[in-house]
DNA sequence: CGAAATCATCGACGCGCGTCGATAATGTAG
DNA sequence: CTACATTATCGACGCGCGTCGATGATTTCG
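Chains as they are written, first to last, in the UniProt record's numbering: chain D, 1 to 328; chain V, 1 to 328.
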């Protein structure tokens with residue numbers, strides 16, 4: 001591996017000149033700039049990451065942590081989020097890697113922190129009162145949560161504004177005359193925001209719990225008339241199961257949107273488009289949200305410890321009508 | 001962040017002593033060892049990754065590269081492989097991260113190499129004549145391929161010995177009297193090793209192509225009597241679709257193993273166990289294979305450029321009879 | 001008991017790069 | 001023509017740690 005010294009010698013300039021050509025932080029004449037570039041090309045010089053990180057203060061690197069990536073098959077949404085973060089931090093001159101987690105205790109987090117090789121951590125797939133947030137917080141590492149969790153202190157986060165999203169979706173259904181609303185979810189617990197919105201709109205909620213995979217939606221469609229006959233409007237918190245539910249509905253004599261109206265609040269546009277019929281959504285701009293998360297991560301890193309400000313950002317999204325809803 | 005100097009001062013020893021306590025590369029008396037440990041604990045000292053990498057030569061870090069992780073939902077096998085690598089390199093005192101790839105040209109590879117922050121690269125999900133192998137090779141970066149691909153030069157790899165695996169599976173089917181063999185695969189192209197094995201055993205092959213997801217297996221089961229009526233033995237190269245195929249078979253009047261015998265050659269044991277009936281396999285010890293891959297990666301890194309040796313390792317696996325095969 | 005071996009520890013150096021202050025070269029105004 | 005601002009470049013230093021050679025302390029053995 002060639003070093004800065006090699007480049008400098010070949011170009012006939014000092015080492016610092018090479019650095020300034022690379023960083024652009026001081027003016028360099030066009031002629032020497034060209035000579036240095038040529039030398040770099042000729043030697044195939046690549047700056048040493050470790051040395052740059054050491055000399056430059058904190059490493060320009062961000063680590064993404066998600067809970068065990070492969071235990072449950074990740075969805076397209078995860079892909080969009082990762083992509084967004086990668087490009088968000090890249091715009092700020094940072095890089096990003098994924099920290100692979102095997103076991104779900106936070107020994108992996110400890111290890112990452114001990115390693116101390118990245119400037120900040122983006123936490124994904126957080127759960128209630130996530131222990132990893134506590135660990136990161138007490139370690140004093142710059143971090144941003146992609147999502148939210150209840151812990152006893154302030155932290156940086158980027159998340160969807162579920163309160164508004166749910167209210168929006170339910171209002172649309174209510175305005176169409178739907179009173180009995182099914183909630184397609186992987187959990188039997190009703191999201192508090194959703195519950196609140198339903199209450200204020202005086203809507204009846206019925207949980208339609210299933211697993212978020214292909215089967216899940218089919219089973220729900222099969223059982224719909226038996227268990228959920230009174231439901232006329234559905235708000236879906238799932239993505240994969242929603243697509244298969246909609247696809248399979250007609251097989252079980254359910255017509256969308258004639259018999260039931262459905263709004264997806266947690267799926268990508270491409271997924272909503274892929275179903276037959278297409279699914280109306282409250283847009284979830286996962287990619288853009290993640291880009292913003294990446295940028296905030298870099299801000300937090302560069303603000304450093306001096307700043308005690310915490311930043312929270314919430315994203316809403318428009319209603320996109322694809323015809324899966326109709327007047328009751 | 002506290003540094004080695006802080007620890008040394010607090011413990012009343014020299015900086016190098018602190019280093020040797022940490023690395024264990026020179027004997028240190030128990031008493032000073034204890035004092036240093038105490039100081040480390042008190043200060044919450046964590047060694048600086050960048051500095052260690054710089055001083056120590058190459059960074060003790062491995063990068064895993066897989067093609068766009070989230071484009072197609074990764075399977076459990078990918079999870080086992082990642083886990084294996086993580087633990088394999090960890091046993092050697094190395095760490096590992098996943099390099100997120102968004103676009104499938106190799107600009108991401110270039111970027112990783114330019115960054116120059118990891119000691120080596122493990123390439124996963126390689127395709128025929130993978131351009132990334134060429135890029136890594138000409139960059140002179142230590143790398144190991146988890147799998148194999150045809151390029152015009154030698155490289156380090158760890159892979160299954162498909163030649164033997166296929167031969168083993170087909171021999172078992174043949175010995176049970178099966179002559180007409182279906183090949184469950186996601187591609188219409190017959191694997192050359194498989195073709196060779198079938199030829200030498202004088203078996204008739206019939207491609208049963210489907211997508212490797214839940215649907216894929218169902219569709220195949222549905223169409224089986226129509227298109228593959230003559231098939232009595234199946235060798236499956238898929239995992240998810242194989243499980244759903246076996247599960248759905250009885251729904252379409254196919255009895256396993258009475259009507260057809262099936263052997264999975266590319267699935268995890270837990271997946272084979274999860275089907276009804278359970279599926280016999282040629283064991284694919286994905287985790288162990290990946291552990292070995294990780295260890296080889298470290299060997300390659302530590303051998304350095306001086307060594308031009310290339311290492312290849314092939315894994316077979318035993319036949320595990322779960323009763324999904326029977327005499328014709 | 002003295003010489004040699006062993007043990008525990010220290011100090012110094014260098015890894016490659018970012019950046020600050022200084023310097024030489026050039027331009028501008030009085 | 002001198003005094004001073006501006007521009008282009010250089011040299012030096014330090015980031016934090018791994019490691020080598022050296023040194024003083026202790027033990028071993030003839």
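Where is the CB? At the ideal position from N, CA and C, for every residue including glycine. Bear in mind that the values here come from a model prediction, so they are computed numbers and not experimental data.
- Assign residue 157/D to one of three DSSP states: helix, strand, or coil. Position 157 of the first chain holds residue 157/D. DSSP places residue 157/D in strand when its eight states are reduced to three.
- Task: Give the DSSP bridge partners of residue 141/V, in chain order.
- Result: For this step, residue 141/V is matched to residue 141 along the second chain. Per DSSP, none; premise fails for residue 141/V.
- Should residue 153/D be labelled buried (16 or more other beta-carbon atoms within 10 Å of its own) or exposed? On the first chain, position 153 is the one that residue 153/D refers to. Exposed: under 16 other Cβ atoms inside 10 Å.
- Message: Just to make sure I have the definition right: I need the residues of chain D whose C-beta is within less than 7 Å of the C-beta of residue 98/V. Which are they?
- Response: Indexing the second chain from 1 puts residue 98/V at position 98. By Cβ distance, chain D contributes 97, 98, 100.
- Contact list for the stretch 192 to 216 of chain V against chain D, Cβ threshold 8 Å: Flagged, chain order: 213, 214, 215.
- Based on Cα-Cα distance, which residue from 265/D, 157/D, 246/D lies nearest to residue 310/D? The residue labelled residue 310/D in the question sits at position 310 within the first chain. The shortest Cα separation from residue 310/D among 265/D, 157/D, 246/D belongs to 157/D.
- Simplified DSSP state of residue 13/V, which is helix, strand or coil: Within the second chain, residue 13/V is the residue found at index 13, counting from 1. Residue 13/V falls in the coil class under three-state DSSP.
- Query: What is the residue span of the alpha helix (DSSP H) that residue 291/D lies within?
  - Reply: In the first chain, residue 291/D corresponds to position 291, counting from 1. Counting along the chain, the alpha helix (DSSP H) containing residue 291/D begins and ends at 286 to 303.
- Residue-level contact to chain V via CB, residue 226/D, 8 Å cutoff: Along the first chain, one-based indexing puts residue 226/D at 226. It does not; no Cβ of chain V falls within 8 Å.
- Within chain D, the residues that residue 59/V reaches when beta carbons sit closer than 9 Å: Here residue 59/V is taken as the residue at index 59 of the second chain, counted from 1. Here the neighbours are 49, 50, 117.
- Query: Between residue 122/V and residue 61/V, which are expected to be in contact by the criterion C-beta below 8 Å, what is the C-beta distance as a whole number of angstroms?
  - Reply: The count along the second chain starts at 1 and reaches residue 122/V at position 122. The count along the second chain starts at 1 and reaches residue 61/V at position 61. Between residue 61/V and residue 122/V the Cβ distance is about 11 Å, and since that is not below 8 Å, they are no contact.
- Query: Going by DSSP, which residues form a beta bridge with residue 121/V?
  - Reply: To locate residue 121/V, count along the second chain from 1; it is residue 121. For residue 121/V, which the question treats as bridged, DSSP gives the partners 63/V, 143/V.
- Message: Is the separation between the beta-carbon of residue 203/D and that of residue 166/D shorter than 8 Å?
- Response: To locate residue 203/D, count along the first chain from 1; it is residue 203. To locate residue 166/D, count along the first chain from 1; it is residue 166. No.
- Item | Nearest-angstrom Cα separation, counted from residue 280/D out to residue 318/D | Counting from one through the first chain, the residue named residue 318/D turns up at place 318. Counting from one through the first chain, the residue named residue 280/D turns up at place 280. In a straight line, the C-alpha of residue 318/D is about 11 Å away from that of residue 280/D.
- Who are the near neighbours of residue 169/V in its chain, counting only those whose CB is closer than 8 Å to its CB and skipping five residues on each side? Taking the first residue of the second chain as position 1, residue 169/V is located at position 169. 235, 263, 265, 282, 319, listed in sequence order.
- Item | residue 21/V beta carbon less than 8 Å from that of residue 45/V | As a first step, residue 45/V is located in the second chain; it is residue number 45 there, counting from the start. As a first step, residue 21/V is located in the second chain; it is residue number 21 there, counting from the start. No. Outside cutoff.
- Task: Could you tell me which residues DSSP pairs with residue 184/V in its beta bridges?
- Result: Numbered from its first residue, the second chain carries residue 184/V at position 184. Partner(s): 208/V, 236/V.
- If you measure from the beta carbon of residue 311/D to each beta carbon in chain V, is any gap under 8 Å? Reading the first chain from its first residue, position 311 is the one you call residue 311/D. Closer than 8 Å: no.
- Query: Using DSSP with H/G/I as helix, E/B as strand and the rest coil, what is residue 270/V?
  - Reply: For the purposes of this step, residue 270/V is taken as residue 270 along the second chain, with counting starting at 1. Helix, per DSSP.
- Query: Counting Cβ pairs, one atom from each stretch, are 3 or more of them under 8 Å apart for the stretch 46 to 60 of chain D and the stretch 105 to 119 of chain V?
  - Reply: Touching, per the Cβ criterion.
- Do residue 109/D and residue 132/D have their C-beta atoms within less than 8 Å of each other? Residue mapping note: residue 109/D aligns to position 109 of the first chain, counting from 1. Residue mapping note: residue 132/D aligns to position 132 of the first chain, counting from 1. With contacts defined as CB atoms closer than 8 Å, residue 109/D and residue 132/D qualify as a contacting pair.
- Query: Exposed or buried, what is residue 260/D when buried is set at 16 or more other beta-carbons lying within 10 Å of its beta-carbon?
  - Reply: Taking the first residue of the first chain as 1, we reach residue 260/D at position 260. Burial call: buried.
- Message: Would residue 100/D and residue 98/V qualify as a contact pair, given that the criterion is a beta-carbon distance under 8 Å?
- Response: Position 100 of the first chain, counted from the first residue, corresponds to residue 100/D. Position 98 of the second chain, counted from the first residue, corresponds to residue 98/V. Closer than 8 Å, so yes.
- Extent of the continuous beta strand (DSSP E) run through residue 313/D: Taking the first residue of the first chain as position 1, residue 313/D is located at position 313. Per DSSP, residue 313/D belongs to the beta strand (DSSP E) from 312 to 315.
- Proximal residues, the stretch 280 to 299 of chain D versus chain V, C-beta separation under 9 Å: none
- Should residue 184/D and residue 272/D be called a contact, given that it needs their Cβ atoms to be closer than 8 Å? Walking along the first chain from the start, residue 184/D turns up at place 184. Walking along the first chain from the start, residue 272/D turns up at place 272. Not a contact, by the Cβ cut-off of 8 Å.
- Task: Taking residue 264/D as part of the beta strand (DSSP E), name the residues at either end of that continuous run.
- Result: In the first chain, the residue the question calls residue 264/D occupies position 264. Element bounds for residue 264/D: 261 to 264.
- Query: So which residues of chain D does residue 86/V contact, with C-beta pairs closer than 7 Å?
  - Reply: Working through the second chain from its first residue, we reach residue 86/V at position 86. Within chain D, the residues placing a beta-carbon under 7 Å from that of residue 86/V are 100, 102, ordered along the chain.
- Message: So, for residue 129/D: in the same chain, excluding its five sequence neighbours on each side, which residues have a beta-carbon less than 7 Å away from its beta-carbon?
- Response: Locating residue 129/D in the first chain gives position 129, counting from the first residue. Excluding positions up to five away in sequence, the list reads 149, 150, 151.
- Task: Pull up the CB-CB distance for residue 210/V and residue 217/V, whole angstroms please, since I reckon it's below 8 Å.
- Result: Residue mapping note: residue 210/V aligns to position 210 of the second chain, counting from 1. Residue mapping note: residue 217/V aligns to position 217 of the second chain, counting from 1. Correct: roughly 7 Å between the Cβ atoms.
- Item | C-alpha distance - residue 2/D paired with residue 321/V, whole-angstrom precision | Mapped onto the first chain, residue 2/D falls at position 2. Mapped onto the second chain, residue 321/V falls at position 321. So the two alpha carbons sit approximately 56 Å from each other.
- Query: Using the beta-carbon count (16 or more within 10 Å), is residue 142/D buried or exposed?
  - Reply: Translated into positions along the first chain, residue 142/D becomes position 142. Answer is buried; the Cβ neighbour count reaches 16.
- Query: Is residue 168/V helix, strand or coil when you go by DSSP?
  - Reply: Taking the second chain and counting its residues from 1, the one referred to as residue 168/V is at position 168. In the structure shown, residue 168/V sits in a helix (DSSP, three-state: H, G or I).
- Task: Taking all protein chains shown into account, decide if residue 206/D is buried (16 or more other Cβ within 10 angstroms of its Cβ) or exposed.
- Result: Indexing the first chain from 1 puts residue 206/D at position 206. The residue in question, residue 206/D, is exposed, as its Cβ has fewer than 16 Cβ neighbours within 10 Å.
- Tell me, please, which residues DSSP counts as bridged to residue 281/D. Taking the first chain and counting its residues from 1, one reaches residue 281/D at position 281. Answer by DSSP bridge pairing, in chain order: 264/D, 320/D.
- Message: Check whether the stretch 294 to 305 of chain D and the stretch 11 to 18 of chain V touch, using three or more Cβ-Cβ pairs below 8 Å as the test.
- Response: no
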